[in-house]
Structures are given as C-alpha cells and as structure tokens.
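Accompanying notes for the structure given below.
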Amino acid sequence: MAKAATKSTSKSATKPATKTAKRAAKAAAKPATKAKAKAAAKPDARATAKAAQATARAAQATARAAPKATAKAAPKAKPAKKPGLKLSMLKPSVNNMTVRVFARAAGFDHAETDAWGLTRSPEFLARNPAHLTPMIEDKGLPRGVLWESCAIMQYLANKHGLEKFYPKAPAKRAMIDSAMFYLVGTLYPYVARATYPALGFPQYAGEVGHSDAHPDRKSEAQKAAASAIAEPLEVFHSFFRNGKPFIGGSNPSIADIRLAATLEFLAVIDYALPQWAKDYMAAMEKKLGNAYAEPAGDVRGYIAYVRSQAKA
Ligand SMILES: N[C@@H](CCC(=O)N[C@@H](CS)C(=O)NCC(=O)O)C(=O)O
C-alpha cells in the first residue's frame with residue numbers, strides 16, 4: 001500500500017495536474033465495489049494534490065526564469081528538483097556525511113532516515129545484510145538498495161547525468177575513481193584506526209583496537225595509524241590535485257566530497273593537518289555552502305560531544 005502510493009506519487013508528479021486529475025477520476029470511477037473505489041481513489045487523490053503542488057512550483061520557477069518576450073507563453077511543467085530519494089544514514093559518520101553532502105549539492109529531493117540503532121534489526125538486515133549505512137533505496141536497483149558511499153555517488157551521478165561531479169570522459173573519470181578507491185582502501189583504514197577509539201566507534205575484528213590486547217598496545221597501534229596518515233594524504237595533494245583547487249579541477253568532484261568528509265574525523269585526535277588540507281577543506285565548504293556545512297555540522301557536533309565527555 002505504501003509502496004503503491006509512493007509509486008503513483010512520483011510518477012504523476014512529473015505530469016501536468018489536469019491529466020493526472022482526469023486519470024484519477026477515471027480510475028476512481030472504474031472499480032466495481034465501494035471498498036475498491038476507496039482504495040483506488042486514496043493514493044491517486046494524494047498523487048493529484050502532490051502533482052498540482054509540483055506543477056505550481058515548476059510553473060513559478062519557469063515564470064521566474066522566462067525571458068520577457070516569452071513571459072506570456074504557457075509555462076512548461078517540470079519538477080523543480082530531482083526525484084525523491086530515500087537515504088538511511090547515521091549523523092556522526094563521515095561515510096554518511098559524504099552522501100548527505102553529495103545529495104544536497106546535487107539538488108536531490110531526498111528523505112533521510114536516521115538508522116541509529118537499527119542497522120542490525122531483522123528488517124534492515126533483510127534488505128542490507130552488510131548492515132551498513134549510507135544506504136539508498138531506489139526501485140531501479142536490482143536488489144532495491146545500494147550501500148557504499150562511493151558506489152552510491154557514482155550510481156546517482158550516472159543515473160542523473162551529473163557530469164559536474166563525475167566526469168564522463170574515461171581518463172578524467174578514472175582519476176576520480178582512483179582517488180576514491182585509494183581513499184577507501186588505503187587512507188580510510190588509517191583514519192579509522194587512529195580516530196575510532198576516540199570516537200567511541202567499534203573497530204573491525206582482527207584489529208589491535210578490537211582485541212583484548214593491553215591498552216598500551218592499543219595506544220601504540222592507534223599512534224602508528226595516525227602517523228601513517230601523512231603519506232597517503234600528501235598523495236591527494238601532490239598527485240590527484242596537482243596544483244588544481246580540487247581533484248575534480250575547478251569544481252569539487254565526488255572524490256573531493258569523499259576526501260573532505262573523511263578529514264573531518266581527524267579533529268577528534270587534534271591531528272595536525274597540513275596547511276593545504278585546511279585550505280582545501282575551507283574551499284570545499286565555501287564552494288558547496290550549506291550542502292557541506294549542514295551534514296558537517298552533525299559530525300562536528302558529535303566530535304564536540306565525545307570530546308566534552310572525555311574531559312568530564
Ligand atoms: N565503506 C563504507 C563504510 C560504511 C560504514 O562503515 N558504515 C558504518 C557507519 S560509519 C555503519 O553503517 N555501521 C553500522 C553497522 O555496522 O551496523 C562506505 O563508504 O559507505
């Protein structure tokens with residue numbers, strides 16, 4: 001039932017309200033029984049109202065954008081934003097911050113569900129046996145859901161032709177992919193080992209930090225990881241940015257969003273970022289504005305909270 005309503009809403013929202021209204025009336029008139037008629041009318045009525053709102057919004061936008069000479073021409077109904085998207089996320093996480101920043105910067109009309117404490121529930125596991133967030137739900141996906149922050153950004157950028165964030169040209173795209181794989185495979189594990197103990201996040205099985213080892217050994221492992229960060233971090237500067245403001249050139253790419261979000265965690269250990277990295281993060285925030293600042297605020301708020309707890 002909920003599924004049918006969502007389907008009907010998103011489809012009809014892209015069509016003019018008059019057509020949708022006609023269809024709704026036709027559909028409501030068809031069913032033989034009263035109960036059926038009620039059930040059929042409900043989602044369509046909601047869909048019609050939403051479609052009417054979307055059309056009005058689109059009409060306003062078109063009217064605003066129209067040059068004077070064509071101002072009298074009938075406004076073309078277009079959805080103001082990209083179609084709705086469901087995102088399950090955890091606010092303190094930079095993996096999640098990545099997709100939250102991207103979704104805002106790309107103008108998705110997405111709904112965020114806080115999955116705190118729910119990722120290992122039977123309902124979540126049935127959809128996502130890896131119990132990982134960020135996770136999006138999209139009916140075009142073979143299994144209905146997708147996790148892994150970079151894969152989510154790649155998918156959405158591909159699906160909606162967002163070349164500004166993820167260039168189509170194979171060589172340019174390869175650099176973005178390389179930067180993201182290098183981050184997730186090499187830099188991030190160091191960042192996790194160095195920061196997760198301070199963040200109060202569990203580490204992965206097999207890690208010293210996860211074991212029964214003596215606290216001194218755990219502290220050594222944490223320090224070793226923190227000192228290992230500098231080398232791969234420098235690679236993003238010297239190789240991937242190569243004198244440009246961002247890995248993506250003059251505009252942030254999905255690899256830049258992934259990198260800047262990752263670096264946010266380092267504040268929890270007072271990591272001494274090189275000046276270029278501080279400038280780079282400031283430039284990301286300046287360029288993306290609230291799209292960056294709002295999800296970053298959740299991560300920063302969590303860091304401030306754990307730090308205040310540590311002091312108390
Ligand atoms: N490589 C993944 C990492 C995702 C991840 O580790 N997610 C954590 C939060 S930071 C999570 O959802 N953990 C919940 C759980 O394992 O139950 C990505 O980039 O999306």
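Each residue of the sequence shown is one higher than the one before, counting from 1 in UniProt numbering. Every residue, glycine too, gets a C-beta built ideally from N, C-alpha and C.
Quiz item: In terms of alpha-carbon separation, which member of V268, P295, A194, G209 lies closest to V99?
Solution: P295
Quiz prompt | Short Cβ contact (8 Å threshold) for L162 with A226 | solution = no
Quiz item: Are at least three pairs of beta-carbons, each pair with one atom in the region 236 to 244 and one in the region 131 to 148, less than 8 Å apart?
Solution: no
Quiz item: Does the beta carbon of N95 fall short of 7 Å from some heavy atom of ligand 1?
Solution: yes
Exercise. To the nearest angstrom, report how far apart V191 and P122 are at their CA atoms.
Key: Taking the CA atoms as reference points, V191 sits about 30 Å from P122.
Practice problem: Go through its chain and collect everything with a Cβ distance to M135's Cβ below 6 Å, but skip five positions before and after it. | Solution: S88, N128, V145, W147
Quiz item: With distances taken from CA atoms, which of I269, H214, F236 is nearest P197?
Solution: For the set I269, H214, F236, the Cα lying nearest the Cα of P197 is the one of I269.
Quiz prompt | Contiguous alpha helix (DSSP H) assignments of at least 4 residues, all confined to the UniProt domain "GST C-terminal" (169 to 312) | solution = 170 to 182, 188 to 199, 215 to 228, 230 to 235, 254 to 264, 275 to 288, 290 to 311
Exercise. Kindly examine ligand 1 and report whether one of its heavy atoms sits closer than 7 Å to the Cβ of H210.
Key: no
Exercise. Go to T98, then tell me how far its alpha helix (DSSP H) extends in each direction, as first and last residue.
Key: 94 to 105
Quiz prompt | Per-residue burial, K223 [other beta carbons within 10 Å of its own, 16 or more giving buried] | solution = exposed
Exercise. Name the two residues that bound the continuous alpha helix (DSSP H) containing L125.
Key: 122 to 127
Self-check item: CA nearest to the CA of G117, picked from A126, H131, A111
Solution: Among A126, H131, A111, the Cα nearest to that of G117 belongs to H131.
Quiz item: Do F102 and M153 come within 8 Å of each other at the CB atom, strictly closer than that value?
Solution: yes
Quiz prompt | Y166 to D212 span [Cα, whole Å] | solution = 43 Å
Quiz item: Should the region 245 to 254 be regarded as contacting the region 283 to 300, the criterion being three or more beta carbon pairs within less than 8 Å?
Solution: yes
Self-check item: Exposed unless 16 or more other CB atoms sit within 10 angstroms - verdict on Y305
Solution: exposed
Quiz item: When the distance is taken between beta carbons, is T262 closer than 8 Å to L156?
Solution: no
Exercise. With a threshold of 16 other CB atoms inside 10 Å of the CB of Y292, please say whether the residue is buried or exposed.
Key: Classification of Y292: buried, given that the 10 Å Cβ count is 16 or more.
Quiz item: Taking the alpha carbon of G297 as the point to measure from, which residue in K86, G84, S93, L85 has its own alpha carbon closest?
Solution: S93
Self-check item: Close Cβ partners of A86 (< 6 Å) along its chain, the five nearest in sequence each way excluded
Solution: A quick correction: the sequence has Lys, not Ala, at residue 86. These residues qualify, in order along the chain: A111, E137.
Self-check item: Nearest residue (CA-CA) to R307, options W276, A277, F265, K278
Solution: Nearest option by C-alpha distance: F265.
Quiz item: From M180 to A267, what distance separates their C-alpha atoms?
Solution: Note on geometry: alpha-carbon atoms of M180 and A267 lie some 21 Å from one another.
Quiz item: Under the three-state reduction of DSSP, which class applies to K159: helix, strand or coil?
Solution: helix
Practice problem: Let me know if L90 comes out buried or exposed under the rule of 16 or more other beta-carbons within 10 Å of its beta-carbon. | Solution: buried
Exercise. Quick one: grab the DSSP three-state call for A111.
Key: strand
Exercise. Work out the CA separation of N290 and V299 for me, nearest whole Å.
Key: 14 Å
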